[in-house]
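Below is one structure; the comments refer to it alone.
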Amino acid sequence: MNTIAKALAIVSMSVVALAGCSSYSEIAKWDSNIPVNDGEVPVASFVTQNFSYELLWCIPLCTGVPWTEGPGKDGVVDKYNVRLFANEATIDGNLASLNHALDLVGSHRISQLRTKEDDSKAWSLFLVNRHEVRTQCLILPEVPEDK
Amino acid sequence: MKHKSVTHVVAGMAALFAAMVAGCASVEYSTPGKLKNVTVKGAPGAEAGQHVAITTLGYNMFGCIPLVSGDLRWDDEKHEIKGGFSLFSDQVGYRELQTALQNIAETRNCDLAEVNFHDSNGFYADASWGGLVGMCFGSSQMGVSAILVPRGNAAK
């Protein structure tokens, strides 16, 4: 009985970890004429976040995979695409997602780019670190060449 | 037998401490060229730059007694940030982040764009046995991200 309980606990912890180890990206269309800062109306806002789990801060256990292909549904991609023993929650991964989103939107002009890295050591008393990298920005319309 | 279990406890605590302080201060750069297809408003030349994120983390008791914190030390020889830690002092602050960012920019002959700070605080109730021990410990985290714009490109 004790063994079954232990096995269940390990399985449920793994499921929680793997489920949380996903990448999320969203292109939220700016459905309004309200300008930002100097009178320019953005096309959309963009956010992407990715997680990885590391044992003792150095041994990668699992990671979400950055969004670099496919259109997504209504600009939202919540990917439970987990890669084991790797760490793809990086600035490079997020910038790859940003580039993909800009390709989809059709404008490569942005503003207010911001990246936040967050390490949560609350997991299992510091033994497992959950690393989160979040990047967000506003996507602005392309400026015509003659301007 | 008793000696062996003491050794195990000490080794366990050392591993826990190492895990606790590891990564208390971190600097991550994007690979050059990752922004080449991006135009950043108000930051000419950013497409040739690198995105950088600096994060520091500290632990405290009852929200006011510092236990250990990340320490962004500048290595004069390597001209780079050396992420370390300090015991019983709080090195997590905007001034420290700002100085680190300025040092990085100066050394790499870059200007800065899209400088954004963030911070968060937390308690470890969820990590404790019974919630009592954890409630005593808190953490504070601060970070900044920016684009390093090479000066030659910014002038174009």
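Residue numbers (the working numbering), protein chains in the order written: chain A, 827 to 973; chain B, 95 to 250.
Ideal Cβ positions, reconstructed from N, Cα and C, are used throughout, including at glycine.
#### Entry: Three-state secondary structure (DSSP) of A915 (chain A)
A915 (chain A) falls in the coil class under three-state DSSP.
### Message
Within a Cβ cutoff of 6 Å, which residues of the same chain sit near T125 (chain B), ignoring the five residues on either side of it in sequence?
### Response
Annotation for T125 (chain B): no residue places its beta carbon closer than 6 Å to its own, counting only its chain and skipping 5 residues before and after.
### Task
Would you tell me roughly how many angstroms separate the C-alpha atoms of H934 (chain A) and R940 (chain A), rounded to the nearest one?
Rounded to whole angstroms, H934 (chain A) to R940 (chain A) spans 16 Å at the Cα level.
### Query
What residues from chain A crowd round L151 (chain B), counting only those whose CB sits closer than 7 Å?
Those within 7 Å of L151 (chain B) in chain A are D945.
### Task
Apply the 10 Å Cβ neighbour rule to I936 (chain A) and answer buried if 16 or more other Cβ atoms are within range, or exposed otherwise.
Only buried fits I936 (chain A), as 16 or more other CB atoms lie within 10 angstroms of its CB.
### Task
List the DSSP bridge partners of A207 (chain B).
DSSP, once it has assigned bridges, lists B:I241 as partnering A207 (chain B).
### Task
Quick one: give me the first and last residue of the alpha helix (DSSP H) that T150 (chain B) is part of.
If you look at T150 (chain B), you'll find it isn't in any alpha helix (DSSP H); it sits in the beta strand (DSSP E) that goes 144 to 155.
### Message
Classify N154 (chain B): buried if its beta carbon has 16 or more other beta carbons within 10 angstroms, exposed otherwise.
### Response
So N154 (chain B) ends up on the buried side.
### Query
Is the CB-CB distance between T150 (chain B) and G136 (chain B) below 8 Å?
Taking the C-beta atoms as reference points, G136 (chain B) is found no nearer than 8 Å to T150 (chain B).
#### Entry: Backbone CA spacing between R167 (chain B) and I175 (chain B) [nearest angstrom]
For the pair R167 (chain B) and I175 (chain B), the Cα-to-Cα distance works out to about 6 Å.
### Query
Is it a yes or a no for the segment 872 to 883 of chain A touching the segment 909 to 922 of chain A, going by three-plus beta-carbon pairs under 8 Å?
In short, these stretches touch, since the Cβ pair count reaches three.
### Query
Counting along the chain, where does the beta strand (DSSP E) carrying T201 (chain B) start and finish?
Careful: T201 (chain B) lies outside any beta strand (DSSP E), inside the alpha helix (DSSP H) at 188 to 201.
### Query
Does the segment 953 to 968 of chain A touch the segment 881 to 888 of chain A, meaning 3 or more C-beta pairs lie closer than 8 Å?
Judged by pairs of C-beta atoms under 8 Å, the segment 881 to 888 of chain A touches the segment 953 to 968 of chain A, as three or more such pairs exist.
### Query
Is the CB-CB distance between S234 (chain B) and D205 (chain B) below 8 Å?
No; because the gap between Cβ atoms is not below 8 Å, this pair is not in contact.
### Task
Output the distance between the C-alpha atoms of D904 (chain A) and A927 (chain A), rounded to the nearest integer angstrom.
Computed Cα separation, rounded: 14 Å.
#### Entry: Any chain A beta carbon closer than 8 Å to G224 (chain B)
Confidence in G224 (chain B) is poor, its pLDDT being 49 and thus under 50, which makes the residue's placement too unreliable to answer from.
### Message
If you measure between the beta carbons of A870 (chain A) and W893 (chain A), is that distance less than 8 Å?
### Response
Result no, Cβ atoms of A870 (chain A) and W893 (chain A) do not sit closer than 8 Å.
### Query
What in chain A is Cβ-close to I241 (chain B), meaning under 8 Å?
L939, listed in chain order.
#### Entry: Outcome for I830 (chain A) when other beta-carbon atoms lying within 10 angstroms are tallied against a minimum of 16
With fewer than 16 neighbouring CB atoms inside 10 Å of its own CB, I830 (chain A) falls in the exposed class.
### Within chain B, partners of K885 (chain A) - CB distance below 9 Å
In the sequence as displayed, the identity of residue 885 (chain A) is Ile instead of Lys. Per Cβ cutoff of 9 Å: no residues; I885 (chain A) is ~11 Å from chain B at best.
### Message
For the beta strand (DSSP E) containing Q875 (chain A), name the first residue and the last one.
### Response
Here the beta strand (DSSP E) through Q875 (chain A) covers 870 to 881.
### Message
If we define contact as Cβ-Cβ less than 8 Å, is H145 (chain B) a contact residue for chain A?
### Response
At a cut-off of 8 Å, the C-beta of H145 (chain B) has a neighbouring C-beta in chain A.
### Message
Could you pull the DSSP bridge partners for I830 (chain A) from this structure?
### Response
DSSP output for I830 (chain A) lists no bridge partner at all.
### Task
Classify N920 (chain A) as helix, strand or coil using the three-state DSSP reduction.
Residue state, collapsed to three classes: helix.
### Query
Interface residues of chain A around N131 (chain B) at Cβ under 9 Å?
Within 9 Å Cβ-Cβ: N925, L928, D929, H934.
### Query
Hey, does E122 (chain B) have any beta-carbon neighbour from chain A nearer than 8 Å?
Yes - at least one Cβ of chain A is within 8 Å of the one on E122 (chain B).
### Query
Residues in the segment 847 to 874 of chain A with C-beta within 7 Å of chain B's C-beta atoms, listed in sequence order?
From the segment 847 to 874 of chain A, no residue has a Cβ closer than 7 Å to chain B.
### Query
Closest by CA to F111 (chain B), which one among B:H145, B:S180, B:Y123, B:H173?
Residue nearest to F111 (chain B) within the set B:H145, B:S180, B:Y123, B:H173 is B:S180 (criterion: CA-CA distance).
### Query
Do we get a CB-CB distance below 8 Å when we pair V894 (chain A) with the residues of chain B?
The residue you asked about is not Val; residue 894 (chain A) is Thr in the sequence shown. Answer no: the Cβ-Cβ gap between T894 (chain A) and chain B never drops below 8 Å.
### Backbone CA spacing between M107 (chain B) and V162 (chain B) [nearest angstrom]
In this structure, the straight-line span from the alpha carbon of M107 (chain B) to that of V162 (chain B) is close to 15 Å.
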